[in-house]
Amino acid sequence: MIVQGLFYTAALVALLASLLVVTSKHAVHAILYLVVSLLALSLCFYLLGAPFAAALQIIVYAGAILVLFVFAVMLFNISQEDVRREDQWLDWKAWVGPTLLVLLLLAEWVLFIELAANPSGSEVVLVDARAVGARLFGPYLLAVEIASFLLLAGLVGGYHLAKKLPEESQ
Numbered sequence: 004m005i006v007q008g009l010f011y012t013a014a015l016v017a018l019l020a021s022l023l024v025v026t027s028k029h030a031v032h033a034i035l036y037l038v039v040s041l042l043a044l045s046l047c048f049y050l051l052g053a054p055f056a057a058a059l060q061i062i063v064y065a066g067a068i069l070v071l072f073v074f075a076v077m078l079f080n081i082s083q084e085d086v087r088r089e090d091q092w093l094d095w096k097a098w099v100g101p102t103l104l105v106l107l108l109l110a111e112w113v114l115f116i117e118l119a120a121n122p123s124g125s126e127v128v129l130v131d132a133r134a135v136g137a138r139l140f141g142p143y144l145l146a147v148e149i150a151s152f153l154l155l156a157g158l159v160g161g162y163h164l165a166k167k168l169p170e171e172s173q
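Just so we're aligned, residue 4 is where the sequence shown starts under the working numbering, counting upward by one.
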């Protein structure tokens with residue numbers, strides 16, 4: 004019962020943070036909320052009994068992919084106006100929402116660790132890495148390949164949108 008409550012709270016945090024990712028006006032704020040959303044999803048995976056998927060969520064998405072997002076924001080926002088806007092992004096008010104959501108997730112992790120230390124009828128069923136691989140490259144192979152093509156299309160589209168057009172010579 005408590006594990007279900009933790010799961011629904013983490014899912015609510017993920018949903019709220021994802022909504023804030025889409026509605027944020029600044030790219031840096033959206034990235035902060037995306038980190039919170041990915042951490043909440045990692046907790047959801049762990050509570051569903053998939054610690055391997057939770058670890059991959061943190062390492063791959065919250066780690067590597069978001070570093071690329073931050074690099075892209077830093078690379079493409081280089082005008083003088085954007086440099087002045089960075090001072091506003093570093094204001095403490097920009098960090099209040101993500102900080103509160105991450106503290107809520109931290110409280111859930113601590114509570115879950117306390118519950119795991121006293122296993123009285125644990126509801127969590129573990130799924131190992133072999134089972135995840137068997138599912139991804141078994142019945143869900145087509146979905147994995149379609150997702151990879153969608154990511155590639157997004158990468159190519161992002162490149163073409165960010166590319167500067169050559170000036171026409173007259």
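Each residue gets a CB set at the ideal place from its N, CA and C atoms; glycine is no exception.
Cut-off 8 Å between Cβ atoms - residues of its own chain near residue i, not counting five sequence neighbours on either side
i: A65; result: V38, L41, L42, S45
i: T12; result: L107, E111
i: L9; result: L46, L50, E111, L114, F115
i: A14; result: A43, C47
Residues of its chain near residue i, where Cβ-Cβ distance is below 6 Å and the 5 sequence neighbours each way are ignored
i: L104; result: V16, A20, V39
i: V130; result: G52, A53
i: Y49; result: A57
C-alpha distance - residue i paired with residue j, whole-angstrom precision
i: P142; j: E170; result: 50 Å
i: F152; j: R133; result: 24 Å
i: A165; j: Q7; result: 43 Å
i: V200; j: L155; result: Outside the shown range of the chain, which is 4 to 173, sits residue 200, and nothing can be said about it.
i: A146; j: R138; result: 11 Å
i: A67; j: L158; result: 15 Å
i: A97; j: V70; result: 19 Å
i: A119; j: F55; result: 17 Å
i: L114; j: Y36; result: 23 Å
i: H163; j: T102; result: 34 Å
i: I116; j: V63; result: 23 Å
i: E148; j: I61; result: 22 Å
i: F140; j: L59; result: 16 Å
Nearest-angstrom Cβ-Cβ length linking residue i and residue j, presumed shorter than 8 Å
i: I34; j: F72; result: 5 Å
i: V31; j: V76; result: 6 Å
i: L23; j: G100; result: 7 Å
Own chain, CB closer than 7 Å to residue i, minus 5 neighbours either side, in chain order
i: S27; result: A33, Y36
> Whole alpha helix (DSSP H) runs in the segment 141 to 165 with 4 or more residues, listed along the chain?
Replying inline: 144 to 165
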